[in-house]
Structures are given as C-alpha cells and as structure tokens.
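For the sequence shown, position 244 matches number 333 in my numbering, and the numbering has no gaps at all. Just so you know, even glycine gets a beta-carbon here, dropped at the ideal spot from N, CA and C. Remember, predicted model here, so these are calculated numbers, not experimental data.
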Amino acid sequence: MQLRKKKRFFTIMIIPHTEESIVSIRIPLYLFQSLGIILLISLLVSFFWIKSYQQLKGEATAVPQLREDNRTLNEQIDLLARETEELIRKVNQMDDLSREICNLLELPLPKKMSNSDPIRLVHNENARVLSSRGENQVMERTSLNISHLQVSIPDQSEKLLQLKEDIVQHQKQMASTPSIWPVRGRVTSEFGPRISPITRRREFHFGIDIAGSRGSPIYAAADGKVIFAAYRRGFGNTVILNHGDSLSTLYAHLKSFNVSVGSEVKKGQVLGYMGSTGYSTGAHVHYEVHKKGVAVNPGGYLP
Numbered sequence: 090m091q092l093r094k095k096k097r098f099f100t101i102m103i104i105p106h107t108e109e110s111i112v113s114i115r116i117p118l119y120l121f122q123s124l125g126i127i128l129l130i131s132l133l134v135s136f137f138w139i140k141s142y143q144q145l146k147g148e149a150t151a152v153p154q155l156r157e158d159n160r161t162l163n164e165q166i167d168l169l170a171r172e173t174e175e176l177i178r179k180v181n182q183m184d185d186l187s188r189e190i191c192n193l194l195e196l197p198l199p200k201k202m203s204n205s206d207p208i209r210l211v212h213n214e215n216a217r218v219l220s221s222r223g224e225n226q227v228m229e230r231t232s233l234n235i236s237h238l239q240v241s242i243p244d245q246s247e248k249l250l251q252l253k254e255d256i257v258q259h260q261k262q263m264a265s266t267p268s269i270w271p272v273r274g275r276v277t278s279e280f281g282p283r284i285s286p287i288t289r290r291r292e293f294h295f296g297i298d299i300a301g302s303r304g305s306p307i308y309a310a311a312d313g314k315v316i317f318a319a320y321r322r323g324f325g326n327t328v329i330l331n332h333g334d335s336l337s338t339l340y341a342h343l344k345s346f347n348v349s350v351g352s353e354v355k356k357g358q359v360l361g362y363m364g365s366t367g368y369s370t371g372a373h374v375h376y377e378v379h380k381k382g383v384a385v386n387p388g389g390y391l392p
C-alpha cells in the first residue's frame with residue numbers, strides 16, 4: 090500500500106502482481122482528521138466508563154457491610170431507648186415508694202414530692218429498626234427521655250434526702266415521745282378525781298399509780314434529759330425528764346436513783362427502783378405526763 094499526499098487528498102494506489110491495471114483511490118484529508126477525532130473520543134469514553142464501572146463495583150461490594158453497620162447502630166439506639174424508658178420507670182417507682190414510706194410513717198409529703206407528677210414517659214411502639222422515620226422517632230424519643238432524666242434524677246435525689254431528714258426527725262420525735270410503761274405492775278389509781286388514800290378527801294389525781302415489787306426497776310418512758318432527781322415533799326424520791334416539744338414525765342416514790350441531773354437517758358433506761366418514799370401507802374410508782382406544763386392523762390401515751 091502506498092500513500093501519497095497531493096494537495097488536500099490522500100491517494101491510495103493498489104498495484105497487482107499481475108499485469109492488471111493499477112487502482113488509485115483519492116480520500117480527502119478532512120475525513121482522516123474526523124476519523125482521528127472520533128477514535129480519540131471513543132478512547133476517552135471507554136476510559137471513563139471503565140473507571141466508573143470499577144468505582145460502582147467497589148461501592149456495590151461495600152453496601153452489604155454498610156447495611157449491616159446501619160442495622161447494628163439502629164439496634165443499639167433502640168436498646169438505649171428501652172433502657173432509658175426503664176430508668177424512668179424506676180425513678181417513678183422510687184417516687185411511689187417514697188410516698189408509701191411517708192404514708193406508713195404518717196409523715197407529710199415533702200414539698201417537692203407533693204407538687205410533682207410522675208415523669209412523662211415518651212415512647213413509640215411502632216418504631217422500625219431499618220426505617221429512617223422509625224429511627225428518627227427512636228432518637229427523638231430517647232432524647233426527650235434523657236432530658237426528663239437529667240431533670241428528674243437530681244430532683245428525686247433531693248426528695249429522698251429530704252425524706253431521710255424527715256424520717257430521722259420523726260424517729261427522734263417518736264423516741265422522745267412517752268410510749269412505754271415505766272414499770273410492770275398493776276394500776277391502783279387512775280388519772281382524774283379520786284379519794285386520797287392519805288387524807289381520805291376528794292382530790293384530783295394528776296397521774297397514775299402502778300404498784301409492784303419493792304426494788305423493781307423504773308424505766309424512762311422516752312428519750313430525754315434528767316432535770317430533777319431528788320427528794321420532793323409528798324412525792325418522795327422523784328425523777329423528772331424533759332423530752333422536748335413541751336413534753337415531760339415524772340416518776341415518784343422511788344427507793345433510790347440510777348441517774349442524776351443533767352444525764353441524757355434513752356427510752357427504756359433504768360431511772361431508779363420502786364419504793365414507797367414520800368406520802369405512800371405501799372411500794373408503787375406515781376407516773377405523770379405533762380404537756381406544755383399541764384398534766385395530761387398518761388393513758389394516752391401507753392401501749
């Protein structure tokens with residue numbers, strides 16, 4: 090094949106080995122230029138197509154892993170949501186328990202507790218793990234619940250601390266309130282009007298008399314402080330306890346003392362021993378309870 094350029098044409102001459110005539114073909118130059126451009130474009134398109142195919146193939150390989158990662162993440166989000174809801178339920182249970190404790194101890198509800206409602210639980214049972222709408226609902230639900238917990242947990246802690254203080258105060262009050270018999274024995278004279286066994290005249294008896302064996306221990310009816318422990322006319326050897334809250338108790342006709350003025354005593358502690366000192370007809374203890382300085386019926390403070 091022989092190419093020969095003449096002006097703006099290419100000439101292709103075909104020379105046979107035989108004696109046949111030579112064939113000449115003239116092709117314009119612009120046709121070759123056009124074919125070159127088309128070939129170049131084809132090569133570029135092929136290159137970009139191969140690159141895109143390789144990229145798509147790589148992405149297609151990663152899609153299953155991405156789906157699995159997304160599924161695992163959504164499961165973790167849903168688990169967090171359920172655990173958050175369980176925490177809120179437990180906080181509400183703690184609040185209910187605090188109320189029950191207050192009721193059992195006959196304590197007033199703490200201010201914060203009496204004005205508070207159970208934590209509002211935000212939930213959505215229709216959330217789906219692989220649904221974008223469901224995922225958004227779970228995340229929104231969890232976010233709201235966490236916000237509630239951030240507010241409620243410190244508030245609940247404050248309520249429980251206040252409840253603890255109230256219980257401690259209540260225990261102190263109960264311990265300082267007369268509630269036990271000062272001695273085991275037989276009541277021989279009640280609180281109220283009576284005929285005096287000494288003067289045989291009608292009088293008001295400001296306590297109760299409990300007879301028993303000489304030397305029997307006399308117990309403090311409540312926690313308190315000894316403000317008097319000495320001989321007193323008519324009452325003989327007498328102990329007076331101040332229990333606070335305007336309450337006091339008196340124990341008279343003792344044989345001997347087991348405490349002294351200024352001593353702090355506990356409920357059930359031995360104050361002295363039964364005797365018959367003062368104006369007495371036999372071994373017994375005269376027991377009085379005073380509220381705001383006025384004698385009241387001890388029967389209201391006995392089990």
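Residues near residue i in its chain [Cβ-Cβ closer than 7 Å; skip 5 each side]
| i | result |
| --- | --- |
| Met183 | Gln245 |
| Arg283 | Glu292, His294 |
Given residue i as reference, the closest of the options once Cα atoms are compared
| i | options | result |
| --- | --- | --- |
| Ala318 | Gly351, Lys355, Asp298 | Gly351 |
| Ile297 | Thr161, Asp167, Gly281 | Gly281 |
| Pro243 | Ser285, Glu254, Val180 | Val180 |
| Gln195 | Tyr142, Gln260, Thr231 | The question names Gln, yet the displayed sequence has Glu at residue 195. Ranking the options by Cα distance to Glu195, first place goes to Gln260. |
| Thr370 | Asn159, Gly323, Asn234, Pro105 | Gly323 |
| Leu193 | Glu247, Asp255, Ile139 | Asp255 |
| Gln239 | Arg303, Thr173, Val257, Glu279 | Thr173 |
| Gly274 | Glu229, Gly301, Gln154 | Gly301 |
| Ile235 | Lys140, Gln154, Leu169 | Leu169 |
| Lys381 | His332, Leu176, Trp138, Gln258 | His332 |
| Glu229 | Ile316, Arg171, Glu109 | Arg171 |
C-beta atoms of residue i and residue j nearer than 8 Å
| i | j | result |
| --- | --- | --- |
| Leu336 | Thr366 | no |
| Leu249 | Ser187 | yes |
| Ala309 | Ser268 | no |
| Val328 | Ser305 | no |
| Asp334 | Gln262 | yes |
| Trp270 | Leu391 | yes |
| Ile190 | Leu233 | no |
| Leu118 | Arg97 | yes |
| Thr231 | Ile166 | yes |
| Ile111 | Ile103 | yes |
| His401 | Ala341 | The first residue shown for the chain is 90 and the last is 392, placing residue 401 beyond what the model contains. |
Proximal residues to residue i (C-beta, below 6 Å), its chain only, five neighbours per side dropped
| i | result |
| --- | --- |
| Asn326 | Tyr320, Leu343, Thr366 |
| Glu377 | Phe295, Gly296, Leu339, Ala384 |
| Gln358 | Ala309 |
| Ile114 | Ile101 |
| Ser285 | Glu292 |
| Val276 | Ile297, Ile299 |
| Asn386 | Phe280 |
| Leu198 | Cys191 |
| Glu353 | Lys314 |
Nearest-angstrom beta carbon gap, residue j and residue i [assumed within contact, 8 Å]
| i | j | result |
| --- | --- | --- |
| Ile299 | His237 | Actually they do not touch by this definition, with Cβ atoms about 59 Å apart. |
| Met74 | Ile287 | Residue 74 cannot be examined here, being either before or after the span of the chain that is shown, 90 to 392. |
| Lys355 | Leu330 | Contact doesn't hold; Cβ gap of about 11 Å is too wide. |
Same chain, Cβ closer than 8 Å to residue i, five either side skipped, listed in chain order
| i | result |
| --- | --- |
| Glu279 | His294, Ile297, Gly388 |
| Arg290 | Ile284 |
Those runs of the beta strand (DSSP E) which lie wholly inside the region 289-357 and span at least 3 residues: 291-294, 297-300, 306-308, 313-321, 325-333, 336-346
Segments of 3+ residues assigned as beta strand (DSSP E) that fall wholly inside the region 235-278: 275-278
Runs of alpha helix (DSSP H) wholly within the region 128-185 (minimum 4 residues, chain order): none
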